[in-house]
Amino acid sequence: MRHDNVKDADSAGFVSVFCDGTIDTVVKEQISIVLRFVKNKEIHKVFVGFEELQDTTGEAIATKC
Numbered sequence: 004m005r006h007d008n009v010k011d012a013d014s015a016g017f018v019s020v021f022c023d024g025t026i027d028t029v030v031k032e033q034i035s036i037v038l039r040f041v042k043n044k045e046i047h048k049v050f051v052g053f054e055e056l057q058d059t060t061g062e063a064i065a066t067k068c
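Numbering (my numbering), first residue to last: 4 to 68.
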């Protein structure tokens, strides 16, 4: 993630983390991670990236997010 996005999210009063799972064409389980926060009365969404999952338990997903 770019440094300015981290600073923006860090300075926001509230930040939400959105994780959504999918299986790619070679049957690897992945999650996409997106941050959402409010800055200057505007909602911002920042795509963090994809993470491959070895385990799909709640604990494993929580450690990736």
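All C-beta atoms in this analysis are idealised placements derived from N, C-alpha and C, irrespective of residue type, glycine included.
Being a predicted model, the structure only gives us computed values, none of them experimental.
Phe40 is bridged by DSSP to Val18, His47.
Judged by DSSP in its simplified three-state form, Thr66 adopts helix. Cβ neighbours of Val41 within its own chain (closer than 8 Å, five residues either side excluded): Ala15, Gly16, Phe17, His47. About 6 Å separates the CB atoms of Ile36 and Gly52; that is less than 8 Å, so the two are in contact. A straight-line Cα-Cα distance of about 11 Å links Asp58 and Ala65. Here DSSP, grouped into helix, strand and coil, assigns Asp23 to strand.
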